[in-house]
Every structure is written in structure tokens, then in C-alpha cells.
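Here the structure comes first, spelled out in C-alpha cells, and everything after it is commentary.
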Ligand SMILES: [Fe+2]
Ligand SMILES: [Fe+2]
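In the numbering used here, the protein residues as written are 18 to 281.
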């Protein structure tokens with residue numbers, strides 16, 4: 018059985034600090050074999066940079082998924098294009114920098130196991146993109162026999178679209194894990210044909226905030242409708258993640274467990 022940790026959107030420096038403080042001991046305690054984290058907000062809430070990516074790797078993260086904020090920092094484009102540990106939504110315009118899935122090889126009990134990590138983004142209340150369902154069909158075909166274990170980060174706003182994706186991919190992938198709303202949902206389950214599912218894995222970052230941003234700023238914006246410069250909040254930092262146990266021979270998930278840990 019493989020233990021895979023999937024960490025919800027890592028938000029700014031507080032999120033990265035929580036990651037570095039919590040993940041290494043969690044990996045030991047829960048005998049985790051592979052760590053994935055969503056890094057689209059790792060650079061002060063907007064995008065990813067070389068240094069925030071390096072920071073996440075230093076916490077023991079093996080694969081980083083992205084989302085609608087992936088291209089916010091222009092300096093990240095070459096890295097997104099060239100580093101296969103970074104995975105961006107598969108349903109972006111063809112030819113965009115980066116890859117929609119990546120295959121990782123780990124060694125466990127002197128066996129080599131391939132794990133595919135894929136990323137999709139939703140179309141409801143989000144910028145227009147290609148059909149995520151067809152994009153999933155394509156990457157499953159492309160992955161083929163190269164990996165039994167496939168973890169999909171479904172980066173989307175609407176729970177309906179995420180749940181639909183869970184059912185669409187049930188039995189074809191190991192897990193469909195929602196991200197983007199930064200609010201963890203309590204609907205984790207293993208679907209009928211063995212796919213672990215949660216609508217949102219939540220956020221790793223400051224909870225004394227409106228989804229990571231200082232609450233005073235967002236309140237002002239709602240009350241006045243005036244533009245505001247967003248700043249990452251600082252207090253009540255927590256890690257949000259899910260732990261999936263999967264059978265590497267079949268690619269089926271045995272369990273999914275929510276993890277919430279307060280930092281400091
Ligand atoms: Fe996010
Ligand atoms: Fe997002």
C-alpha cells in the first residue's frame with residue numbers, strides 16, 4: 018500500500034513555513050511515500066517562483082500542481098516549461114508552457130513504482146479553458162500503462178463540476194482531489210470503483226483571513242467595490258491536506274483521510 022499526501026493550496030510565506038515545519042514529521046509519522054502540494058499561491062498568493070518552488074521541495078514535496086494563478090509570475094515560465102516536477106492544468110490552450118501530467122518513479126521495498134500526477138482546471142466561474150473532461154480522457158490515454166497510480170488535482174470553483182469529475186474518472190484514476198476554493202470540504206470518500214475523492218483539500222496558510230488575504234482588505238473591497246492591493250494574512254496558520262492509501266498494483270484507493278494541523 019502506498020501512502021500519498023496531497024496538500025491544499027500553499028499560500029505565501031506562512032503556507033511555505035507551515036509546510037516546512039509540518040510535512041517532514043508527518044511523512045515519518047504516517048509513513049508517507051509521496052508528497053504532492055498545490056503551489057499556485059506560493060508566491061505571496063499569486064503564482065510560483067524559483068525560490069517558492071525550491072522552498073516547497075525542501076519541505077519534502079515531490080510534485081507541485083498549479084491552477085489559475087500559474088502564470089502570475091512571468092519569471093516562472095521557463096521553470097514551468099522545463100521542470101517535470103511542476104504540473105499545470107492539462108486543459109489550457111495547446112502549446113502553453115508546461116505539462117498537464119508528469120510521471121514520477123519512487124522506490125519502495127526495493128520495487129520501482131510509477132505515480133502519475135495530473136492537473137485540471139474547471140470552467141464554472143473561472144477563465145475560459147478547454148473541456149476538463151476531454152482533457153482527462155487524453156491524459157489517461159497518454160499515461161496508458163506507464164503508471165497505475167494517477168492522482169488528479171481538479172482545480173475548480175464549483176463543487177458540482179468537481180463531483181462530476183470524480184464520478185467521470187471513478188475507477189480510471191486513484192484520486193480526484195479538488196483545490197482552488199481554499200476551504201476544505203468534509204465530503205471525502207472512496208467512490209464505488211476505487212477513486213478517492215474530496216471536493217476541496219483546503220488551504221495551507223493563514224486562516225485569520227479571507228481565503229489567505231488579510232480580511233480587512235477583502236472586507237473593504239466588498240463594501241466599497243474599489244480596487245485593492247491584496248496582502249497575505251499572517252495569523253492562525255494551518256496545514257490542510259488529505260492522505261490517500263492506494264494499492265500500487267491496481268491503482269485503487271483504499272482510504273482518504275483529511276488532515277488539518279495548526280502551525281505554531
Ligand atoms: Fe489557490
Ligand atoms: Fe486557484
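All residues carry an ideal CB built from backbone N, CA and C; glycine is no exception.
**Prompt:** Terminal residues of the continuous beta strand (DSSP E) containing residue 261?
**Reply:** As a first step, residue 261 must be located in the chain shown, where it is residue number 244. That run of the beta strand (DSSP E) goes 254-263.
**Message:** Looking at the strands, I want to know which residues DSSP matches up with residue 279.
**Reply:** Against the chain shown, residue 279 aligns to sequence position 262. Note: residue 279 sits in a beta bridge opposite 255.
**Request:** Inspect the CB distances between the region 217-233 and the region 245-262 and report whether three or more fall short of 8 Å.
**Result:** Flag = yes, the region 217-233 and the region 245-262 touch.
**Request:** Could you check how far apart the C-beta atoms of residue 116 and residue 105 are, in whole angstroms? I think they sit under 8 Å.
**Result:** Stepping through the chain shown from its first residue, residue 116 is reached at position 99. Stepping through the chain shown from its first residue, residue 105 is reached at position 88. Residue 116 to residue 105, Cβ: 7 Å. Contact.
**Asked** Who does residue 223 pair with in a DSSP beta bridge?
**Response** Position 206 of the chain shown, counted from the start, is the residue given in the question as residue 223. Answer is 254.
**Item:** Paired residues, beta bridge with residue 19 - DSSP
**Value:** Reading the chain shown from its first residue, position 2 is the one you call residue 19. As a beta-bridge residue in DSSP terms, residue 19 pairs with 263.
**Item:** Straight-line gap, residue 273 to residue 218 (C-alpha atoms, nearest Å)
**Value:** In the chain shown, counting from the first residue as 1, residue 273 sits at position 256. In the chain shown, counting from the first residue as 1, residue 218 sits at position 201. Those two C-alpha atoms are separated by around 11 Å.
**Prompt:** Whole-angstrom Cβ separation of residue 131 and residue 122, contact assumed at under 8 Å?
**Reply:** Along the chain shown, one-based indexing puts residue 131 at 114. Along the chain shown, one-based indexing puts residue 122 at 105. The Cβ separation is near 5 Å, so the contact holds.
**Item:** Three-state secondary structure (DSSP) of residue 78
**Value:** Locating residue 78 in the chain shown gives position 61, where the first residue counts as 1. Coil, per DSSP.
**Request:** State the Cα-Cα distance for the pair residue 209 and residue 187, rounded to the nearest angstrom.
**Result:** Position 192 of the chain shown, counting from 1, holds the residue named residue 209. Position 170 of the chain shown, counting from 1, holds the residue named residue 187. Near 7 Å, if we compare the C-alpha coordinates of residue 187 and residue 209.
**Item:** Cβ neighbours of residue 76 in the same chain (closer than 6 Å, five flanking residues each side left out)
**Value:** One-based indexing of the chain shown puts residue 76 at position 59. So the list reads 36, 37, 40, once near-sequence residues are dropped.
**Prompt:** If we count Cβ pairs, one from each stretch, closer than 8 Å, do we get three or more for the region 194-205 versus the region 148-160?
**Reply:** no
**Asked** Which of helix, strand or coil does DSSP assign to residue 92?
**Response** In the chain shown, the residue the question calls residue 92 occupies position 75. Residue state, collapsed to three classes: helix.
**Message:** Are the CB atoms of residue 258 and residue 25 within a distance shorter than 8 Å?
**Reply:** Here residue 25 corresponds to residue number 8 of the chain shown, with the count starting at 1. Here residue 258 corresponds to residue number 241 of the chain shown, with the count starting at 1. Cβ distance < 8 Å, so residue 25 and residue 258 count as in contact.
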